[in-house]
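Colleague: Residue numbers (this note's numbering), protein chains in the order written: chain A, 14 to 421; chain B, 14 to 421; chain C, 14 to 421; chain D, 14 to 421. Below: one structure in C-alpha cells.
There are 4 protein chains.
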Amino acid sequence: MSQNKNKIINDPLHGFLTIPSELIYDVVQHPYFQRLRRIRQLGMSDWVYPGATHTRFHHALGALNITLKAMESLRRKGVDISEEEFEGAALAILLHDIGHGPFSHTLEHTLIQGVHHEDISTRIMHRLNVEFKGALTIAIRIFLDKYEPKPFLSQLISGQLDMDRLDYLLRDSFYTGVSEGIVGGERIISMLNVADGNLVVEQKGIYSVEKFLIARRLMYWQVYLHKTVIAADSVLVSILRRARMLATQGHVLGNYHPLLHFLMNEINEETFDDEALDLFLALDDIDIMASVKQWQFHTDPILSTLCKRLLYRKLPKVFISNMETSPNLVAEATEKAMQKFNVSESEALNYFVKTGILENHAYKTEGGGIRILRKNGSVSDVAESSDNYNLAALKETVKKYYLIHWGK
Amino acid sequence: MSQNKNKIINDPLHGFLTIPSELIYDVVQHPYFQRLRRIRQLGMSDWVYPGATHTRFHHALGALNITLKAMESLRRKGVDISEEEFEGAALAILLHDIGHGPFSHTLEHTLIQGVHHEDISTRIMHRLNVEFKGALTIAIRIFLDKYEPKPFLSQLISGQLDMDRLDYLLRDSFYTGVSEGIVGGERIISMLNVADGNLVVEQKGIYSVEKFLIARRLMYWQVYLHKTVIAADSVLVSILRRARMLATQGHVLGNYHPLLHFLMNEINEETFDDEALDLFLALDDIDIMASVKQWQFHTDPILSTLCKRLLYRKLPKVFISNMETSPNLVAEATEKAMQKFNVSESEALNYFVKTGILENHAYKTEGGGIRILRKNGSVSDVAESSDNYNLAALKETVKKYYLIHWGK
Amino acid sequence: MSQNKNKIINDPLHGFLTIPSELIYDVVQHPYFQRLRRIRQLGMSDWVYPGATHTRFHHALGALNITLKAMESLRRKGVDISEEEFEGAALAILLHDIGHGPFSHTLEHTLIQGVHHEDISTRIMHRLNVEFKGALTIAIRIFLDKYEPKPFLSQLISGQLDMDRLDYLLRDSFYTGVSEGIVGGERIISMLNVADGNLVVEQKGIYSVEKFLIARRLMYWQVYLHKTVIAADSVLVSILRRARMLATQGHVLGNYHPLLHFLMNEINEETFDDEALDLFLALDDIDIMASVKQWQFHTDPILSTLCKRLLYRKLPKVFISNMETSPNLVAEATEKAMQKFNVSESEALNYFVKTGILENHAYKTEGGGIRILRKNGSVSDVAESSDNYNLAALKETVKKYYLIHWGK
Amino acid sequence: MSQNKNKIINDPLHGFLTIPSELIYDVVQHPYFQRLRRIRQLGMSDWVYPGATHTRFHHALGALNITLKAMESLRRKGVDISEEEFEGAALAILLHDIGHGPFSHTLEHTLIQGVHHEDISTRIMHRLNVEFKGALTIAIRIFLDKYEPKPFLSQLISGQLDMDRLDYLLRDSFYTGVSEGIVGGERIISMLNVADGNLVVEQKGIYSVEKFLIARRLMYWQVYLHKTVIAADSVLVSILRRARMLATQGHVLGNYHPLLHFLMNEINEETFDDEALDLFLALDDIDIMASVKQWQFHTDPILSTLCKRLLYRKLPKVFISNMETSPNLVAEATEKAMQKFNVSESEALNYFVKTGILENHAYKTEGGGIRILRKNGSVSDVAESSDNYNLAALKETVKKYYLIHWGK
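Below, the structure written as C-alpha cells:
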C-alpha cells in the first residue's frame, strides 16, 4: 500500500483499526461506503442514550477488524484460509450493511416496500464488483453463503454468533454506556475453530457463548426495544407516511430530489431500478432529519405536529403488556388522539396510535445455530451442550405487545 | 421532582449523569437546549476520528456533572455554597455553550460576523430567565463573572482549569480514542479548594495540573488542529462563503428559511435582532450538511465542486511550517488551483487556497491563571510553583503556519 | 476529620474511595483491618489469572464505597437513614470480612474446625466495639441482621443482591480480566429502594438484576470454581493437613508461634478462646506461603512433595463430571498416586486424591431473595416477576462432581 | 505447541496475552520464572495504592506481548526479523527482570552488595541457556546489546523508549489507578520503525513520545517516589540492615536457610557464587514479609520496633526540599529519634533517620536517546525535533532532597 494511504483508524472500542489491503482501502474510500458515515447505527436511540451517536461506518470497520482477528486466530490453529479468501471475507463483512438506508431498520419498509436491506447490499456489492473488475467475486459468494468449500467464512459474517453481532453488541454497549451488552469478544474469538467446514466454538468457550446470548437479549430490552426508542421510531415512521401521502397529493416537500423520488413514487421490488438505486445511495439520516426540521413549518397540521413532537422530544407514551392489547384500549387511545390533535379517526389510527409486537429471540437453532466442539471431537448445538436450563430458555421467543398512545 | 421526570442519563464516560433539580430538568427539556443534540462537539473531526460524533448536548450534561461533583467536594471542605448558588453554577455550566451555532467554531464567523458565541449564550440565557421568571439570575451573574461574593463559582465555569475543559478533554479523548487527552479528572476535582474567594488547587495536585495542561496541548495538535480537520473546516467555510455570495446574487439555495436568512443577509452585531436569534435557534449541523448534500447538484461549478469534495472526502492538502508561508508558495498553489478547478485567481484565493496560523497556547496567566495553594497557606501561580521548566515552557504560544492547497 | 488523615484512596475500579468519617478512618488504620492487606481476595486464583492479586483490604474499602453510594441514593429517594445508621451500615460492610483467615475459604475449615468466618467477624467487631467505646453497637446489630427498625440496612450488607457481592463481582472481573462478571453496578444502585422496611429493586431494574445473577453464575464457573483453582486449593489443604499431622507427632514446622498454635492444637468452637483469637489475628497469607516455601525442604517426603508441586505449579488434574465419581475411578486414581508418590493407600486418599462437589447456586429465594417493586406498588420475588424462564432456571442448583488425580 | 499447553493468559490491561512458542512456554513454566509470581512489581507501593499488588511475573508477560506486537508491526513495514531473532527478542524481554530479588530495587543493595540485578539476569539466562541446550543464545546477545546486525532488537528491550517501560507505565497506572501514566501504547508501537539498524519513531509520533516521557516523569513523582513509599522502603531497608547486624552477632533470625545465607554472610560480586545464586533463586517477597512478621516478636527492641511500625503502617515522616537537608535538621531529627525509641545516636542514624536524594530524569540522550525519523528520511534526537521547550526541559534532572524523621 502506498505511503499516502491512511492505514490506521482510531477506535475507542477496539484500539486501532487496520485496513489490511489496498483494495479494501479503496472500497472504504468509495462514496458508497463513506455514505455510511451519515447513517447512525442506532437511529434515534440517542433520544435515550445521548452517547449513541455512532455510525454504521464505524461499526463496519469494527466488524472488519474483529473478523480479521478471528481469521488470524483460525489460521494459527491450522485452518487453511487463502489470501483471496481472507480478503473476500474481509470485504464481505465490511459491506454487509452497505444497503442500509436512512435510519436503517426504522424506515426500512417505509421508503421502499418489500426490499430487504441485505438485497440492496448485494446489488451494491455487484456494482462495486464491476467497478473493481471482479475483485469482489469471492466476497459476494461468501456474503450470500454460497462459498461452498468453506461455509465457516459465511458463518463468520452472518450467523447466530457472527462478527457483526460481536462488534455491534460491544459497540452499542460502549456508546450507550449500558454495561449489560459487554461480552468477552477476544475470548470468544480465541475459542472459535472449524470442524467439517463449519464454524464451531471450543467447549471451554461455552460460558462465553451463554454470556453472549444473554447480553444480546438484555440489549434488546434495554436499548433496541426501549420504550422511548419505540416511541420516537413510531413518530418518525408516521412522519414519513404522512409526507408520502401529501407528496402523492401534489404537496411540495422540499427540493432534494433523491428523497422526493422515494416520497412521490411507490418504490418496491419492481420499481427499484438502477436509477432508484443511484438516488437511494444519495440518501442518509441527514436528509430525513433536515426534512423533519423543515416540515415542522409545513401547512399540513398533522405533518407539522408530528415533526415538532419529534424535534422537541414530546413523544407519545408506550404501554407494554404481556397480553395482546385489547380493542378497548385502542379505541380509548384513538378517541384521545382525535381530541388532542383534532384529527379524524382514520388519521388518529394512521399517524398517532399504533399497536405492535416486540419480539426478543435470543437464540435460534434454525440455520445452523451455534455449534460446540466437544473435547472428544463431536459437535453439538450449544443449547444441548450446556449443563443448565438457561440456554434452553433462551430459545423461547419472548413476545410483548405495545400500544403507542398520547396519554390520558 | 415528580416521578415521571427522568433523572438519570447514561454517560459512557462518567457513568450516570444526574439532573439535580426540577428547574434544571426543565431547562434540559427546553427546545433551546435539546437543539444541542444536533450540534456535534467536534464538528468535522469524525473525518479523522470516526468515533467523534458526540454532541454539545452530551458535553453540557457532562460538564454539569463534573461541576456538581466539584461543588460537593468544596462543600465537604467547608466552603460555603448556598442552594441558590449551587443551582446557579449548575445552570451556568449547563448553558455555557447554548449559543453555539452549527459546526460551532468552524462557522462561528461565517454565518454571523463579529458576534461571539458567548454573547449569544448570554442572550439566550436572558430569554430563558424571562421564561423561567428570574430563576436564572444568579446563573447569569456567575456566567458573566459578575457574582462578586464568590468569584470561584465563575472560575469553575470558565478559566484556565475549569469544569468545561475537564469534561471536553476527557470526552474528546474518549470518543476519538486518542489517549493523550486523558487526565485525572476525579483527582483534580478532589484537589480543588477556595482561598480568598478564588478557586485554587492544593499543592499536592500540582502534577495533575501539569498533566492537564500538557494533555490539552497534545489534544490541540492531535485532534483540534489535526491537518485533515483543518482541511475539512476550510472547505466547509468556503462552501458557506460561496453560498452567501450566490444567495446575494439571487440564486436559490434551498428552502429552509432560517438558514436562508443568514445566507441572504449580512448578520452582525447590529442586525442580529430578536427575530434573527429565533431563526438562529432553528439552526444546527443538520441544516448545513443537508445543504451541502443538496448543493452538490447546484449549477454553480465552484459550489458543487466544493460540496462533492467534502462529501466524498477528497480534501485539499495542508502544508504546515514553523515559518510564515512564502508568497511564492501561495502563488504556486493559486496557479495550481486555477488550472485544476478552472477558476479565476480571485476565486482560487477566495475558495480554494488559504493561509493561516495555528496557535497552541497551553497556559495563560492572564485572567487569573491557575492558583496553587501551598501547604503554608500562600497562593501562587502554578507556573511559579513547579519545580521544573515544563510549566514555564507551557506559557509560550507555539505558532505554526499553514497553507491549504490542492497538490502539485 | 483532621487535615492529616488521608481521606482518599485510589481504586482503579471505582475511581476514588472516600473514608466518610474519623471513626471509620480509625477503624481502617487499626491493625486488625490493616491485616486484610495480606489476605488475597481470591486465594490461589492468580495461578490462573495472574492479575488476581487483589486483597480483602481493597474489597472491603470498595464495598464500603458502594454501600455509601447506595445509601446516598436511597436518601435522595426519601428513605430516612440517620447519621448513626449511615455510619453503622458503613462499618458493618467495612468489617464484614474481618474474620477471614489466611487463604479465606480455602483454609477456613482446615485451620479452625467448625467456626464460620462470620462468627469470627462478629467476635472481632465486639472487640473493636470495646476499644472504640461502643461506637460499633449499631454496626454489629446491622451486621447480625438484628437492627429491627430498618432491615434494609442489613440487606444492603448481606443478601442475594448486596453491596458485598456487587463489589466482588466487579472487582474480581476487573483483576482477572474475565469480562463475564461485569455488571451495571451504578445502575443497580440507582434502582434500589425501600418498601415496608425491606430493600427492593424498582421494576425497571429487573434486567440488571438478571444480568447480575447470571454474571455471578458465570464467575463461579470461570473463576471461583476454575479447575486449576480447585487443584491448587486442594494441594494447599493437603499441605496444611499433613503439616498438622506432623506437628501433632512432634515435628518442627517453623518458628512462627501464631501459626504453630493452630498446627499443634485442635482449634474448634470450644478451644477458640481469646488468646487463640489474638494469634489468629497475627495470621495471613504470608505465613502460609512462607511455610510452604520452607516445607519444600522438609524431611517428610509427602510434605515436601506437595509444597514443591504447589510452588512450581505442577498441579494435579481435575476430572469434572455431571455424575457422581465412580468408586472405580477413585480406586484407579489412588493406585496411580500410590505408585507415583510411593505412598500408602490411606496417604494417597488423605493427601493426593480427592473427590468433591461443585455447587453453583445463582439465586436462592430463602432468606428474602430479591424483591421487585412493581409500578403499582406491589412487591414480589424477582423469579416471579420476570417474563422469561431464565430467572426460574437460575434457582436450580447446578452440581458437578470432581475427582482430583495425578494423571495416567 | 501441544494441545495441553495453555497458550492464552488473561490480562486485564492488554486483554489476552499469548505465548508464541513452545520454548517460550517452557521458559514461562520454569521455576526461575514462576518465582516472579511472588515478587511484586512495585514493592511496598500498595501501602499508598492498595491496587498495586501486581507482580513481575505479570509485567514480564505483558512486556513480552508488547514486544511481539512491535515486531509484528515492524515486519509489516518491511523490516526483516527472522524467526530466530523474533524468538530471541521475545525471550530477552521475558527474562529482562529475572534477576530481581525480593522487593526488587528496595533491597537490591541490601541483600547483595554491588551486584546489579541485570548482571544476575544475565547469569540466570546463561543457566537457562545450558538447560535449554543453547536455545537462548540469540536472546542473551540481544539482552546484552551485542547482537550487532540488528541493534534495534536490543533497543526494543532496553532504551529510552522500550517495551519494558511501555508495559510498566501502563501497568502501574492501571493497578494504582493513577491516570497520569496512561500512554498511547498501541499508537507508539504503530509509529516505530527501523533506520540504519536503529529503532526510530516516525515523525508523526512525536507527540506520543512527548506524552510518554512526561507520563514517566509524573509517575515518578506520584508513584515511584511517593513520600509514603520512600518511608516504607526506608523502614524495610533498616529492618534488613538491623537483621544482618544481629545475624552476624549470632542471633537466630528464622530458619529459612536461603535467606539466612544472605543475612549471615557478606554477599558481593566475589562471594556471589553458584551456590549463592541457587539460594537467591529461592528468595522472594514472601520470605522478607514473613521475617518481618516474625521479627516483630524478636527480643531486639530496634528490630521489633521497626517491624511493628512497618506492619501496622506507623511510618516515619518524609521532609522533601529542593535544597540539601541542613545538618541542623538531621541533628534535630536524630535527637528526636534517640528520645522516641530510646536508642543511641549511631543507632538513630543507622536505623531511624535517613537523608537522600530523589532524582527524576525523564529523558537521557546518552546511550542513544529516542531517534525521530523525519519525513525527509533524516534521523534526529527527539529533543531537537520538537517545536517547543518541553522536551528540552525533560532532559534536565530534577533533584529533591529528603529527610526521613519521626515527627516533632
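Beta carbons are placed, not taken as given, at the ideal position from N, Cα and C, and that holds for glycine.
Would you call the CB atoms of Lys240 of chain B and Ile333 of chain B closer than 8 Å?
Modeller: Result yes, Cβ atoms of Lys240 of chain B and Ile333 of chain B sit closer than 8 Å.
Colleague: Quick one: list the residues of chain B neighbouring Glu223 of chain C, beta-carbon separation under 8 Å, in chain order.
Modeller: Within 8 Å Cβ-Cβ: nothing; Glu223 of chain C doesn't reach chain B, min ~18 Å.
Colleague: With distance defined between alpha-carbon atoms, name the residue in A:Thr378, A:Ile201, A:Ala375 and A:Met351 nearest to Phe365 of chain A.
Modeller: Here the closest residue by C-alpha is A:Met351.
Colleague: Does DSSP classify His418 of chain D as helix, strand or coil?
Modeller: Reduced to three states, the DSSP call for His418 of chain D is strand.
Colleague: Apply the 10 Å Cβ neighbour rule to Ser357 of chain B and answer buried if 16 or more other Cβ atoms are within range, or exposed otherwise.
Modeller: Label assigned to Ser357 of chain B: exposed.
Colleague: Can you find a C-beta in chain B that's less than 8 Å from the C-beta of Ser15 of chain C?
Modeller: Model confidence at Ser15 of chain C stands at a pLDDT of 39, short of 50, so the residue's coordinates are unreliable; what they give is reported in the following sentence. Chain B, which has no Cβ nearer than 8 Å to the Cβ of Ser15 of chain C, makes this no.
Colleague: When burial is assigned at 16 or more other CB atoms within 10 Å of the CB, is Asp246 of chain C buried or exposed?
Modeller: That one is buried.
Colleague: With 8 Å as the threshold, decide whether the Cβ of Ile21 of chain C is near any Cβ in chain B.
Modeller: By this cut-off, Ile21 of chain C is an interface position.
Colleague: Can you tell me whether DSSP reads Leu290 of chain B as helix, strand or coil?
Modeller: Three-state DSSP puts Leu290 of chain B in a helix.
Colleague: Applying the criterion that 16 or more other CB atoms from any shown protein chain within 10 Å of the CB defines a buried residue, is Met336 of chain C buried or exposed?
Modeller: It counts as exposed.
Colleague: Using three-state DSSP, classify Gly28 of chain D as helix, strand or coil.
Modeller: Gly28 of chain D: strand per DSSP, three-state reduction.
Colleague: Tell me whether Leu407 of chain B sits in a helix, a strand or coil according to DSSP, three-state version.
Modeller: Correct three-state label for Leu407 of chain B: helix.
Colleague: Report the CB separation of Gly56 of chain C from Phe116 of chain C in whole angstroms; it is logged as a contact under 8 Å.
Modeller: Gly56 of chain C to Phe116 of chain C, Cβ: 5 Å. Contact.
Colleague: Contact between the stretch 139-152 of chain C and the stretch 39-46 of chain C is defined here as three or more beta-carbon pairs at a separation below 8 Å; is this criterion met?
Modeller: Because the criterion of three Cβ pairs below 8 Å is met, the stretch 139-152 of chain C and the stretch 39-46 of chain C touch.
Colleague: To which residues of the same chain is Leu182 of chain D closer than 7 Å at the C-beta, ignoring the five residues directly before and after it?
Modeller: The answer, listed in chain order, is Gly194, Val196, Ala228, Arg229 and Met232.
Colleague: With which residues is His374 of chain A paired in a DSSP beta bridge?
Modeller: According to DSSP, His374 of chain A bridges with A:Thr410.
Colleague: Hey, out of C:Met138, C:Gly210, C:Asp59 and C:Lys217, whose CA is closest to Gly91 of chain C's CA?
Modeller: Of the candidates C:Met138, C:Gly210, C:Asp59 and C:Lys217, the one whose C-alpha sits nearest the C-alpha of Gly91 of chain C is C:Gly210.
Colleague: Does the Cβ-Cβ distance between Pro454 of chain C and Thr68 of chain D come in under 8 Å?
Modeller: Nothing can be reported for residue 454 of chain C: it is not among the residues displayed for chain C, which extend from 14 to 421.
Colleague: Tell whether a beta-carbon distance below 8 Å holds between Leu416 of chain D and Thr318 of chain D.
Modeller: No.
Colleague: If Leu253 of chain A sits next to Thr123 of chain A, beta carbons under 8 Å apart, how far is it from one beta carbon to the other, in whole angstroms?
Modeller: Indeed, because the Cβ distance is near 5 Å, the residues count as touching under 8 Å.
Colleague: Are the Cβ atoms of Ile106 of chain D and Leu149 of chain D separated by less than 8 Å?
Modeller: It is not a contact, given that the beta carbons lie outside the stated cut-off.
Colleague: Using the DSSP secondary-structure output, state which residues sit across from Lys367 of chain A in a beta bridge.
Modeller: Partner(s): A:Ile417.
Colleague: Quick check: the Cα distance between Arg178 of chain B and Ile133 of chain A, rounded to an integer number of angstroms?
Modeller: So the alpha carbons of these two residues sit roughly 44 Å apart.
Colleague: Under 8 Å, Cβ to Cβ, is there at least one residue of chain B near Trp60 of chain D?
Modeller: So no, Trp60 of chain D is outside the interface.
Colleague: According to DSSP, simplified to helix, strand and coil, what is Ile385 of chain A?
Modeller: Of the three classes helix, strand and coil, the one that applies to Ile385 of chain A here is strand, per DSSP.
Colleague: Given Leu259 of chain B, which residues of its chain have a CB within under 7 Å of its CB, disregarding the five upstream and five downstream residues?
Modeller: Answer for Leu259 of chain B: Leu266, Asp313 and Leu316, listed in chain order.
Colleague: Please confirm whether Asp286 of chain B has its beta-carbon closer than 8 Å to some beta-carbon of chain A.
Modeller: Chain A contact via Cβ: absent.
Colleague: So within the stretch 162-229 of chain C, which uninterrupted beta strand (DSSP E) runs reach at least 3 residues, ignoring any that extend past its ends?
Modeller: Segments of the beta strand (DSSP E) lying fully in the stretch 162-229 of chain C: 205-208 and 211-215.
Colleague: Answer yes or no: do Lys82 of chain D and Ile219 of chain D have a C-beta to C-beta separation smaller than 8 Å?
Modeller: No, the Cβ-Cβ distance between Lys82 of chain D and Ile219 of chain D is not below 8 Å.
Colleague: Thinking C-beta only, is Val392 of chain D closer than 8 Å to Ala208 of chain D?
Modeller: Yes, Cβ-Cβ distance for Ala208 of chain D and Val392 of chain D is below 8 Å.
Colleague: Are the C-beta of Ala405 of chain C and some C-beta of chain B separated by less than 8 Å?
Modeller: With 8 Å as the cut-off, Ala405 of chain C does not count as an interface residue toward chain B.
Colleague: Residues in the same chain with beta-carbon distance under 6 Å from Lys408 of chain C, minus the five sequence neighbours each way, listed in chain order, please.
Modeller: Around Lys408 of chain C: Tyr376 and Ala396.
Colleague: Evaluate Lys18 of chain D with the Cβ neighbour count: other Cβ atoms within 10 Å of its Cβ, from every protein chain shown; 16 or more gives buried, anything less gives exposed.
Modeller: Reliability of the predicted coordinates at Lys18 of chain D is poor, the pLDDT of 48 falling under 50, and the value obtained from them is presented with this limitation in mind. Exposed, since its Cβ has fewer than 16 Cβ neighbours within 10 Å.
Colleague: I want to verify the contact list: residues of chain B whose CB lies under 7 Å from the CB of Glu199 of chain C, in sequence order.
Modeller: Chain B residues near Glu199 of chain C: Gly28 and Phe29.
Colleague: Rounded to whole angstroms, what's the CA-CA distance from His109 of chain A to Ile32 of chain A? Just pull it up for me.
Modeller: Answer to the nearest angstrom: the Cα atoms are 16 Å apart.
Colleague: Measuring only between beta-carbons, confirm whether Gly263 of chain D sits less than 8 Å from chain C.
Modeller: Not closer than 8 Å to any Cβ of chain C, the Cβ of Gly263 of chain D fails to qualify, so no.
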